[in-house]
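Residue numbers (my numbering), protein chains in the order written: chain U, -15 to 97; chain X, -15 to 97.
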DNA sequence: CAAATGATTAAATAGTTATTGAAATGTTGA
DNA sequence: TCAACATTTCAATAACTATTTAATCATTTG
């Protein structure tokens, strides 16, 4: 995992329909779902689903396999785990993360967010 | 954490400059960095940084505090952890989920606080 | 108060993304 | 082969995102 791949993966998940599709596939398990079933479940048109699945597949977050006239999509758990590992690595400069969980200091400085 | 908040957070991280900014802040620790220092470090203009920090702040991934004329930005570790938890929850339909839930092979970095 | 500094906001623009309907591709079974 | 079905690709458009320059806001200091 590197920055560009992480951006691609994050972008793939950073959209309501795709995040929902991915989560449905995660819960569907390794067998996955046929594209048509997934489209119906999400309430979107087949071309719309195809567009979004393309993004997820390019990011490596879902796998597709053809079975007869159906194409089954399933979640790529390992890719998901790689992304999570990347996001959480080098936290706190590699040092102990304890300081990060210290309550926000009530200094004279003004909190603006 | 819900779907919409997750999408906002993922979108905030799904851009090279913002992901890089966030990672720099994560490594900078709880004190964070002044906006100017961060802009210089990333090699982008102040307005560009302001635009990107706004996205990260709205997603709750960074905190800002004013100190004199400087505004210090720091990573919100707890928000990051919430996102990671959301992404990995309900994995495999709640059933046994060895592939995705196994401890990270090369590190123990999944938890960041 | 005025000047200087750090940062944000505004306006304009180029580039990217999502959505829709129509057409095309590929697979199965009569 | 032909008809039916599942899915994808194409083309057009609307909406959103990122970047730039100029202007504005806020804080400190002379």
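Heads up, the beta-carbon is just placed ideally off N, CA and C, and yes, glycines get one too.
For the segment 38 to 58 of chain U, no residue has a beta-carbon sitting nearer than 9 Å to a beta-carbon of chain X. Collapsing the DSSP output to three states places residue 49(U) in a strand.
The Cβ atoms of residue 37(U) and residue 63(U) do not sit closer than 7 Å to each other. Contact annotation, residue 68(U) with residue 72(X): C-beta distance approximately 6 Å; criterion of less than 8 Å satisfied. Residues of the same chain with a CB within less than 7 Å of the CB of residue 2(U), apart from the 5 flanking positions on each side, are -4, 36, 39 and 40 in chain order. In this structure, residue 58(U) sits near residue 9(U), with a CB-CB distance shorter than 7 Å.
Around the CB of residue 32(X), fewer than 16 other CB atoms lie within 10 Å, so the residue is classed as exposed. Ranked by Cα distance from residue 55(U), the options -13(U), 19(U), 65(U) and -15(U) are led by 19(U). Looking at the DSSP output, residue 54(X) shares a beta bridge with 51(X).
Counting only Cβ-Cβ distances below 9 Å, residue -10(X) has contacts in chain U at -3, -2 and 3, in chain order.
When 7 Å is used as the limit between beta carbons, residue 25(U) is near no residue of chain X, the shortest such separation being about 14 Å. According to DSSP, residue 17(X) shares a beta bridge with 57(X).
The three-state secondary structure of residue 4(X), taken from DSSP, is helix. Closest in alpha carbon position to residue 51(X), among 65(X), 7(X), 70(X) and 17(X), is 17(X).
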